[in-house]
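Undergrad: Encoded as structure tokens, here's the structure I'll be asking about.
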Amino acid sequence: MRLLLLFVVLVFSLEVYAQKPLKKAGLEKMIQPKVSLESSYLSDASIKGYNGSVAVTKNRLRINNKLVGFSYTNWLYNWNNLTQIPFGNGLQSPIKKMHSFKVNANLPYFINEKWFLLTSVSLKSTFEKETKDSYGAGLFSFASYKIDEQHTMQFGAFANYHPTSSLVLPVISYSYRARQNDGIKFILGFPRTYVGYHVDEDTLLRFGMIFSQSLIRLSDTSVIESAGFIEVKDYMSNFGISYDISKNLTIESDLLYSVKRNFSIYSKDGNKLNSYSIKASLGMNFKITYLF
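Here our numbering is used: the first residue of the sequence shown is 4, the next is one more, and so on.
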């Protein structure tokens, strides 16, 4: 509850602070809402060192604009060779479904024609059944320096906080024509690399790689660890196409390649018990977005 109250105070403070620079950038465009539905599937992949394997389906609903947003995500797991999985009881699926709710607020601030700051704060709950002890917070902040009309540098940091395990990593990247809708454009860096090519104004081919981290609260009756936690770190690449059907409607489709998935199991007291890796796997993703 205290985390939620802190988030509300932060959102209010950021909105008040951002009003002046947002007017310069076009406040009307920044508050324009959009809704997106996304579904992805990763094929069956075994746990390294074992014959047990899992396939994952992910679905997400997101409602947001450039200042605030809300999303709901669920994951469905299909396990094989239960007796060969190094956790659980060998009889039941270790995890069947996970859920995540997230709210976030962004503060863009234009210092001058060269310098731009962006800070994003978020509150997230990720859990199997019970939400107790499932709350965490995120912070993403970077400065952008425009070298010229086509070249930009970004640097900063992002952090995910949870009482069980927290993560802080640097943000550094170089972008070329990132906001253009013709020809080639790219962002090279960490935690995200992105390369795009506009076949025409409406059609974009793209390749990317991104790192993500989350911490999931297991159920009170989990066969993995009762009321424990799983921390997941993921390196995912994609190659696909985005097409603007109209100025309001966009569809996207990608081939996915899960380069590396590591996860660690924690007790309810926050003690790390074991770590495992899932082998690389292929998948597909589809997304539809409507801008109001």
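Note that beta-carbon positions come from the ideal geometry of N, C-alpha and C, so glycine has one too.
1. Can you list, in chain order, the residues of its chain with a C-beta nearer than 6 Å to that of G252? Leave out the 5 residues immediately preceding and following it.
2. Three or more C-beta pairs closer than 8 Å, one from the segment 241-257 and one from the segment 202-216: is that the case here?
3. So which of Q183, P194 and I233 has the shortest CA-CA distance to V174?
4. For a quick check, are the C-beta atoms of V106 and L85 less than 8 Å apart?
5. Any idea what DSSP makes of L285, helix, strand or coil?
6. Using 8 Å as the threshold, is the C-beta distance between T167 and F232 below it?
7. In chain order, what residues of the same chain lie with their CB nearer than 7 Å to the CB of L7, ignoring the 5 residues before and after it?
8. So L40 and L64 are in contact, right, with Cβ under 8 Å, and what is the actual spacing, rounded?
9. What's the gap between the Cα of S217 and the Cα of N163?
10. Here's the rule: buried if 16 or more other CB atoms are within 10 angstroms of the residue's CB, otherwise exposed. What is G273?
11. The beta strand (DSSP E) that contains E234, what's its start and end?
12. State the start and end residues of the unbroken alpha helix (DSSP H) segment that holds K32.
13. Taking the continuous beta strand (DSSP E) assigned at D257, which residues delimit it?
14. So if DSSP puts F214 in a beta bridge, which residue, or which two residues, is it bridged to?
15. In the DSSP assignment, find the unbroken beta strand (DSSP E) run with I114 in it and report its ends.
16. Determine the DSSP secondary structure at T224, reduced to helix, strand or coil.
17. Keeping to the same chain, check which residues put their C-beta closer than 7 Å to that of I34; ignore five residues upstream and five downstream.
18. Give the straight-line distance between the Cα atoms of L94 and I88, rounded to the nearest whole angstrom.
19. Please determine, among A146, N62, K250 and S278, the residue with the shortest C-alpha to C-alpha distance to S3.
20. Using the DSSP secondary-structure output, state which residues sit across from K105 in a beta bridge.
21. Provide the residue span of the beta strand (DSSP E) that contains I190, from first to last.
22. Rounded to whole angstroms, what is the Cα-Cα separation between N83 and V57?
23. Got a sec? Which residues, its chain only, sit under 6 Å from V38 by beta carbon, not counting five neighbours each side?
24. Using the three-state DSSP reduction, which class does Q183 fall into: helix, strand or coil?
25. Is the number of C-beta pairs between the segment 139-155 and the segment 177-191 that are closer than 8 Å three or more?
26. Do T129 and M101 have their C-beta atoms within less than 8 Å of each other?
27. Select from E228, S256 and S229 the residue whose C-alpha is nearest the C-alpha of S43.
28. With a 10 Å radius around its C-beta and 16 neighbouring C-beta atoms as the bar for buried, classify L110 as buried or exposed.
29. In whole angstroms, give me the CA-to-CA distance for V262 and N241.
TA: Reading from the atomic positions:
1. Stepping through the sequence shown from its first residue, residue 252 is reached at position 249. Note that residue 252 corresponds to Leu in the displayed sequence, not to Gly. Within the same chain, L252 has close Cβ partners Y293.
2. yes
3. Indexing the sequence shown from 1 puts residue 174 at position 171. Residue P194 is the option with its Cα nearest to V174.
4. For the purposes of this step, residue 106 is identified with residue 103 of the sequence shown, where counting begins at 1. For the purposes of this step, residue 85 is identified with residue 82 of the sequence shown, where counting begins at 1. Not closer than 8 Å, so no.
5. Within the sequence shown, residue 285 is the residue found at index 282, counting from 1. If DSSP states are grouped into helix, strand and coil, L285 belongs with the strands.
6. On the sequence shown, position 164 is the one that residue 167 refers to. On the sequence shown, position 229 is the one that residue 232 refers to. The answer is yes: Cβ separation under 8 Å.
7. Residue numbering aside, residue 7 sits at position 4 when the sequence shown is read from its first letter. No answer about L7 holds up, because its pLDDT of 45 lies below 50 and its placement is not dependable.
8. In the sequence shown, residue 40 corresponds to position 37, counting from 1. In the sequence shown, residue 64 corresponds to position 61, counting from 1. Contact flag correct, Cβ pair sits at about 6 Å.
9. Locating residue 217 in the sequence shown gives position 214, counting from the first residue. Locating residue 163 in the sequence shown gives position 160, counting from the first residue. Each residue's Cα considered, the two are about 8 Å apart.
10. Residue mapping note: residue 273 aligns to position 270 of the sequence shown, counting from 1. With fewer than 16 other Cβ atoms within 10 Å, it is exposed.
11. Here residue 234 corresponds to residue number 231 of the sequence shown, with the count starting at 1. Run containing E234: F232 to D247, per the beta strand (DSSP E) assignment.
12. Position 29 of the sequence shown, counted from the first residue, corresponds to residue 32. First-last of the alpha helix (DSSP H) with K32: L30 to M33.
13. As a position in the sequence shown, residue 257 is number 254, starting the count at 1. L252 to Y269 is the span of the beta strand (DSSP E), which, as asked, contains D257.
14. Counting from one through the sequence shown, the residue named residue 214 turns up at place 211. Per DSSP, Y238.
15. Looking up residue 114 in the sequence shown gives position 111. No beta strand (DSSP E) holds I114; DSSP gives it neither H nor E.
16. Position 221 of the sequence shown holds residue 224. The answer is coil: DSSP assigns T224 none of H, G, I, E or B.
17. Walking along the sequence shown from the start, residue 34 turns up at place 31. Excluding residues within five positions, the ones whose Cβ falls inside 7 Å are N68 and L70.
18. On the sequence shown, residue 94 is found 91 positions in, with the first residue counted as 1. On the sequence shown, residue 88 is found 85 positions in, with the first residue counted as 1. About 10 Å.
19. This structure cannot settle anything about residue 3, because the visible part of the chain is limited to 4 through 295.
20. Translated into positions along the sequence shown, residue 105 becomes position 102. DSSP output for K105 lists S74 and K127 as bridge partner(s).
21. Mapped onto the sequence shown, residue 190 falls at position 187. From DSSP, the beta strand (DSSP E) with I190 extends over G186 to F193.
22. Position 80 of the sequence shown, counting from 1, holds the residue named residue 83. Position 54 of the sequence shown, counting from 1, holds the residue named residue 57. Cα-Cα distance, rounded: 6 Å.
23. On the sequence shown, position 35 is the one that residue 38 refers to. For V38, where only same-chain residues beyond five positions count, the Cβ hits under 6 Å are I66 and Y293.
24. Start at 1 with the first residue of the sequence shown, and residue 183 comes out as number 180. Looking at Q183 - three-state DSSP - the assignment turns out to be coil, as it is neither helix nor strand.
25. yes
26. Your numbering for residue 129 matches position 126 in the sequence shown. Your numbering for residue 101 matches position 98 in the sequence shown. Their beta carbons are under 8 Å apart, which means T129 touches M101 by this criterion.
27. In the sequence shown, residue 43 corresponds to position 40, counting from 1. Closest option to S43, Cα to Cα, is S256.
28. On the sequence shown, residue 110 is found 107 positions in, with the first residue counted as 1. The residue is buried, with at least 16 neighbouring Cβ atoms inside 10 Å.
29. Start at 1 with the first residue of the sequence shown, and residue 262 comes out as number 259. Start at 1 with the first residue of the sequence shown, and residue 241 comes out as number 238. Distance between the alpha carbons of V262 and N241: 10 Å.
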